[in-house]
Amino acid sequence: DAKTTQPPSMDCAEGRAANLPCNHSTISGNEYVYWYRQIHSQGPQYIIHGLKNNETNEMASLIITEDRKSSTLILPHATLRDTAVYYCIVRGGRGSTLGRLYFGRGTQLTVWP
Amino acid sequence: DAGVTQSPTHLIKTRGQQVTLRCSPISGHKSVSWYQQVLGQGPQFIFQYYEKEERGRGNFPDRFSARQFPNYSSELNVNALLLGDSALYLCASSLVSTVNTEAFFGQGTRLTVV
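This is the structure in structure tokens:
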């Protein structure tokens, strides 16, 4: 089962930063926060992941609160092509559940001109 | 380098039939997972294979089965198809089977059961 809570939808003006929040208040110490996005009818695209430190790559930045109960994905300069469903996922587990990705319903981000 | 490739891209089957979906992982990746995504929902985990062994199974009936071959490619089989099996079937590959390893998805196979 998904262990995250995300707003169902958000919008953002093109060129502005998009800040997508995620709540994961029950996260365990060895669980990672992953972000994926899915453009309509395509496979999910990996964006970024982290454990407790803030992370940045060419696509986005991930800010994780000190208590690790929430995080924010930041797209610094949103474009129309960033319109997609964004999934925040807590990934961990042991044994047979190790490494599974539990997707919720995600946040539909709409970038408008 | 080629990403995760899945075949076929689209498929139409009749209730009661059987279907086989195929996945080729990224070169060097040894772990393959399968997910089902029905319209309007996020992907749901079906199977994970690592080094040709089943490492996990989601809450799906025994009509669903899978295997991984020595070259790390994988097949997902679904028997006795039901209308509710209509979905996008996604394959994801990762280098190893750990929580700190990115999983990369293919474009999926769109299965329609009529």
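These protein sequence lines map, in sequence, to chains A and B. Here the numbering used here is used: the first residue of the first sequence is 160, the next is one more, and so on. Here the numbering used here is used: the first residue of the second sequence is 129, the next is one more, and so on. Don't be surprised by glycine CBs; every beta carbon is placed ideally from N, CA and C. Everything numeric in this text was worked out from a predicted model, so none of it was measured.
Contact set for Q176 (chain B): own chain, Cβ-Cβ below 6 Å, skip 5 residues either direction: S161, R183 and G184
Residues near S220 (chain A) in its chain [Cβ-Cβ closer than 8 Å; skip 5 each side]: I207, N213, E214, L232, I233 and P235
Contact with chain A by N207 (chain B), beta-carbon distance below 9 Å: no
Proximal residues, the region 200 to 223 of chain A versus chain B, C-beta separation under 8 Å: S200, Q201, G202, P203, Q204, Y205, H208 and L210
Cβ contact check for the region 223 to 233 of chain B and the region 175 to 186 of chain A: 3 or more pairs under 8 Å: no
Partners in chain A for F232 (chain B), counting only beta-carbon separations shorter than 7 Å: Y205
Contact list for L257 (chain A) against chain B, beta-carbon separation under 9 Å: Q176, R183, G184, S225, T226 and V227
Extent of the continuous beta strand (DSSP E) run through V242 (chain B): Neither: V242 (chain B) is in no beta strand (DSSP E) and is coded neither H nor E.
Chain-ordered residues of the region 172 to 200 of chain A with a beta carbon less than 9 Å from chain B: N189, E190, Y191, Y193, Y195, Q197 and S200
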